[in-house]
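Residue numbers (the working numbering), protein chains in the order written: chain A, 1 to 254; chain B, 1 to 201. We treat Cβ as the ideally placed atom computed from N, Cα and C, and that holds for glycine. Predicted model, so just to flag it, every value in this text is computed and none were measured. The block underneath contains the structure these notes are about, expressed in structure tokens.
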């Protein structure tokens, strides 16, 4: 009996469509969020993450409608976020059917947001999302979709986020995102060693070996990927069978 | 059959509601004590903080009505925080009283394991279970919690281990409860809900 390592597909959405960028730029249409959500639920995904990547104020209603429609397709845990600035934004996403809310830029700018959300909805419902980039010899947290340095050290920010009540860390390597060069196992292991909560590794997944590495040397509790699942390059079922065959505890659907 | 779902103001009602309806049950959300009195089967769903749960029940005058109905023998299913609320008190909210249907306390997960315990885990069956009927023994269920009740006789039908053996499936007379989220646990989780509905008939 072991806690299974989780495989989490991520839907980046813009105006109601799933899109994919390379290194946080140049968007490409990848399909309908409801259809993809239903497929991943069927294929044995352990969770689904939906991110509003434009996160504009006027696109809010569209995003909440997408959350509502995607929630109807799932009987697995569902995290949503992007542009969550206030307690009310988090509440709206949870009321629309998400189980957890993820915060990023607004939490860096006002860390109390994490405490407020955790006090209201519980730590299990608050995921701190961090976009991290290597600068000189340090790992630094970037905000606004990776466009701007926050000046914060990644490990210190992870520790603060957890102390404020985040129940999970979604850790994205900006350097690896969309590059298909594998997860940043060094970064993931460094952050996992700093916090007492689960760490979800993100950015760079391409091959089955990448997942094996991030659960091994990367010490990740969960691994997130988008494009390799959207394009049906890999099925989640085949990936899990591969991992199970190499001793990684995963939930195999029958 | 009709399932009365307790709405204490901060739960994950929609997903529980949707699962029960998909399985053929009618549902009604309960915010008033007279609804509890009329119920023939109850579900207590819950996420978040123990004190939000018990305060929410108290503010809606639901505490005594629930204690009375459950002591009177009506089938009830507690989910996650709903399981914990059946106990006397919780380390999460010292000084707050739970429904006190089972005279034990809810504990924090030990500090030597990751907390919250978030993710899919398996169960260890301690005895024949109504809720787990016809579900494979190696099935996984989705957990998301930082507190738990120590597995013990007579209430624990199946335990899970995370730092210590805790009650994952509780079955005692008319009281059923699960520490995991059946509504979020894929097909195995929905099977648990179906077993509850059949038993509560």
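Proximal chain A residues relative to residue i, where beta-carbon distance stays under 8 Å
| i | result |
| --- | --- |
| residue 124 (chain B) | 1 |
| residue 115 (chain B) | 196 and 197 |
Contact with chain A by residue i, beta-carbon distance below 8 Å
| i | result |
| --- | --- |
| residue 128 (chain B) | no |
| residue 102 (chain B) | no |
| residue 162 (chain B) | yes |
| residue 49 (chain B) | yes |
| residue 85 (chain B) | no |
| residue 8 (chain B) | no |
| residue 222 (chain B) | There is no way to answer for residue 222 (chain B), as the model of chain B reaches only from 1 to 201. |
| residue 110 (chain B) | no |
| residue 95 (chain B) | no |
| residue 14 (chain B) | yes |
| residue 19 (chain B) | yes |
| residue 45 (chain B) | no |
| residue 24 (chain B) | no |
| residue 189 (chain B) | yes |
Reduced DSSP secondary structure (H/G/I, E/B, other) of residue i
| i | result |
| --- | --- |
| residue 89 (chain A) | helix |
| residue 31 (chain B) | coil |
| residue 233 (chain A) | coil |
| residue 107 (chain B) | strand |
| residue 47 (chain A) | coil |
| residue 195 (chain B) | helix |
| residue 175 (chain A) | coil |
| residue 201 (chain B) | coil |
| residue 185 (chain A) | helix |
| residue 217 (chain A) | coil |
| residue 157 (chain B) | strand |
| residue 121 (chain B) | strand |
| residue 203 (chain A) | coil |
| residue 166 (chain B) | strand |
| residue 198 (chain A) | coil |
| residue 172 (chain B) | strand |
| residue 84 (chain A) | coil |
| residue 31 (chain A) | strand |
| residue 40 (chain A) | helix |
| residue 242 (chain A) | helix |
| residue 70 (chain B) | helix |
Neighbour list for residue i in chain B, Cβ cutoff strictly below 8 Å
| i | result |
| --- | --- |
| residue 162 (chain A) | By Cβ distance, chain B contributes nothing, its closest Cβ being about 10 Å from residue 162 (chain A), past 8 Å. |
| residue 77 (chain A) | 142, 144, 181 and 184 |
Contact list for residue i against chain A, beta-carbon separation under 7 Å
| i | result |
| --- | --- |
| residue 90 (chain B) | In chain order: nothing, as chain A lies at least about 13 Å away. |
| residue 147 (chain B) | Result: empty, since nearest Cβ-Cβ is about 10 Å, beyond 7 Å. |
Proximal residues to residue i (C-beta, below 6 Å), its chain only, five neighbours per side dropped
| i | result |
| --- | --- |
| residue 91 (chain B) | 107 and 108 |
| residue 135 (chain B) | 188 and 191 |
| residue 139 (chain B) | 188 |
| residue 108 (chain A) | 143 and 150 |
| residue 44 (chain B) | 6, 78 and 82 |
| residue 31 (chain A) | 18 |
| residue 123 (chain B) | 158, 160 and 168 |
| residue 73 (chain B) | 174 |
| residue 183 (chain B) | 15, 16 and 19 |
| residue 16 (chain A) | 62 and 66 |
| residue 96 (chain A) | 64, 67 and 68 |
Same chain, Cβ closer than 7 Å to residue i, neighbours up to 5 away in sequence not counted
| i | result |
| --- | --- |
| residue 242 (chain A) | 208 |
| residue 214 (chain A) | 183, 185, 188, 201, 220 and 223 |
| residue 199 (chain A) | 169, 171, 188, 191, 192, 220 and 221 |
| residue 235 (chain A) | 43 |
| residue 12 (chain B) | 45 and 47 |
| residue 154 (chain A) | 130, 132, 139, 140, 141 and 191 |
Any C-beta of chain B under 8 Å from that of residue i
| i | result |
| --- | --- |
| residue 197 (chain A) | yes |
| residue 156 (chain A) | no |
| residue 14 (chain A) | no |
| residue 253 (chain A) | yes |
| residue 245 (chain A) | no |
| residue 168 (chain A) | yes |
| residue 121 (chain A) | yes |
| residue 219 (chain A) | no |
| residue 97 (chain A) | yes |
| residue 29 (chain A) | no |
| residue 46 (chain A) | yes |
Assumed close pair residue i, residue j - CB separation to whole angstroms, cut-off 8 Å
| i | j | result |
| --- | --- | --- |
| residue 162 (chain A) | residue 150 (chain A) | Rounded, the Cβ-Cβ distance is 17 Å, inconsistent with contact. |
| residue 129 (chain A) | residue 103 (chain A) | 7 Å |
| residue 51 (chain B) | residue 96 (chain B) | 5 Å |
| residue 142 (chain B) | residue 87 (chain B) | Going by Cβ atoms, the distance from residue 142 (chain B) to residue 87 (chain B) rounds to 22 Å, so no, they are not a contact pair. |
| residue 69 (chain A) | residue 35 (chain A) | That pair is no contact at about 10 Å. |
| residue 66 (chain A) | residue 13 (chain A) | 6 Å |
| residue 249 (chain A) | residue 4 (chain A) | 5 Å |
Residues near residue i in its chain [Cβ-Cβ closer than 8 Å; skip 5 each side]
| i | result |
| --- | --- |
| residue 150 (chain B) | 104, 107, 164, 165, 166 and 167 |
| residue 172 (chain B) | 102, 154 and 155 |
| residue 193 (chain A) | 219 |
Cross-chain neighbours of residue i in chain B, by beta carbon under 9 Å
| i | result |
| --- | --- |
| residue 4 (chain A) | 119, 120, 121, 122 and 140 |
Interface partners of residue i on chain B, CB under 7 Å
| i | result |
| --- | --- |
| residue 89 (chain A) | Near residue 89 (chain A) there are no residues of chain B at all, since even the closest Cβ is about 16 Å away, more than 7 Å. |
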